[in-house]
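In terms of the working numbering, the sequence shown is residues 657 to 963.
Glycine included, every Cβ here is placed at the ideal spot set by N, Cα and C.
Below is one structure; the comments refer to it alone.
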Amino acid sequence: MKRAQAEILGTVLISAILLVVVGGAFVWGKPLIDKSGDKSKFDTILLKFDEIDAAIKNVGSTGSSRVVKLNLRGGEQFEITNNGELRMQIPMKVPLITSRDYTPLNSFELPEERQLYFLNLNETLDRNAYPNLIAGGSVPGSTIYNTSLGEGNWNALVYRTISENYDYLCIALGSSFDNPSQTAQCGKPGESIETDGGDYSVIRINNSGDIAYLAGDLIENTGLITRDVPGIIMAKSTVLGETQGLITDIKMQYRGLSDDQGIIHRITISCVTNCIAGEGARDVRILRTDVQRNPNSIDTYINVEFV
């Protein structure tokens, strides 16, 4: 009797273990299946971007027109933006791209980067000249000049707020901060400074206040024609919500490449009509519209649209 009970108990335990194993495999296996499906879809889309890129370069060099066939599934959208980007949004279940900022996929760098300004604040200025900014003590400062900050001389200074270290950067147009409450724009690291010449982000101020870094406008990351790709494919992920999944945003943007003579070869993408497509089979028509040869650059203009 005891032996029979033991056998029955053993069978029950084995069944329970199997249920746990099978249940665990189902629970933990689903994300793996989702990831496998998303990865296959993602790879297929990247191949399509490669095909479009090859067609654009062929049209740019030969002047002939090309058509690339595109099949968009539910929730997918393809757009040629006003600033010449080819952008696709794809709903996903798992984050294949873990970055919330664009990450290059076929290059080591993005097509644009913010211009970095290094300010060597190596002069000591009298605090009495800045009554509306300085709480006490003299501060280092210097005069900087750069046309991207607007015409004229720009003064820069740093000072302390409640910290023992320098933690505030101000810039003002003119030879001094005569009326800083009206002319000076200030910010801490991580904050933006708005000027007539553009918006600039304070990146870092060292503790002693004699060095500061300021990031300016986006500038083109010009590559080398013998080494780099003109069309950079990049992607990022955006979480929509706990139950809504996420969107993977893939885009391709072109940048100039310099040849051994220093001439910049640049492809400029535009779209006049039919610039957005949703679910279904669509044709992407690619046509060269102009080539401009200048002393320092060769600019090829390509129109891309859905037909």
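CB of Phe734 within 9 Å of CB of Ala933, strictly: yes
Report the residue from Arg944, Pro747, Asp884 whose alpha carbon sits nearest the alpha carbon of Asn714. Arg944
Between which two residues does the beta strand (DSSP E) holding Asp905 run? 901-910
Kindly indicate which three-state DSSP category Asn835 falls into: helix, strand or coil? Reliability fails at Asn835, whose pLDDT of 48 lies under 50, so the model's placement of it is uncertain and the value that follows must be treated cautiously. Coil.
Could you compute how far the alpha carbon of Gln948 sits from the alpha carbon of Asp955? 5 Å
On the DSSP bridge assignment, give the partners of Asp946 in chain order. Tyr957
Determine, using beta carbons only, whether Gly865 and Leu777 come nearer to each other than 9 Å. yes
Who pairs with Lys725 in a beta bridge, going by DSSP? Asp939
Have a look at Arg883 and Ser953 and give me their C-alpha separation to the nearest angstrom. 18 Å
Verify whether the separation of the beta carbon atoms of Ile849 and Ile881 is less than 9 Å. no
Could you check which residue in Asp915, Leu766, Pro751 has the C-alpha nearest to that of Val895? Pro751
Under the rule that 16 or more other beta-carbon atoms within 10 Å means buried, what is Phe705, buried or exposed? buried
Within a Cβ cutoff of 7 Å, which residues of the same chain sit near Gly901, ignoring the five residues on either side of it in sequence? Pro747, Met748, Lys749
Would you report the Cα separation of Arg922 and Ser721, rounded to the nearest angstrom? 18 Å
Residue range of the beta strand (DSSP E) that Asp873 falls in? 867-876
State the DSSP-derived secondary structure class of Lys892, mapped to helix, strand or coil. strand
Using the beta-carbon count (16 or more within 10 Å), is Arg756 buried or exposed? exposed
Coil, strand or helix - Ser644 by DSSP: Residue 644 is absent from the model: the chain starts at 657 and stops at 963.
What are the start and end residues of the beta strand (DSSP E) that includes Ser857? 854-861
Can you tell me which of Glu732, Gly912, Ile736 puts its alpha carbon nearest to the alpha carbon of Ile920? Gly912
DSSP three-state call for Asn738: helix, strand or coil? coil
Residue from Asp855, Pro951, Ser763 whose Cα sits closest to the Cα of Gln964: Residue 964 is absent from the structure shown; the chain starts at 657 and stops at 963.
Quick check: what's the CA-CA separation for Asn862 versus Thr929? 50 Å
In three-state DSSP terms, what is Gly843? strand
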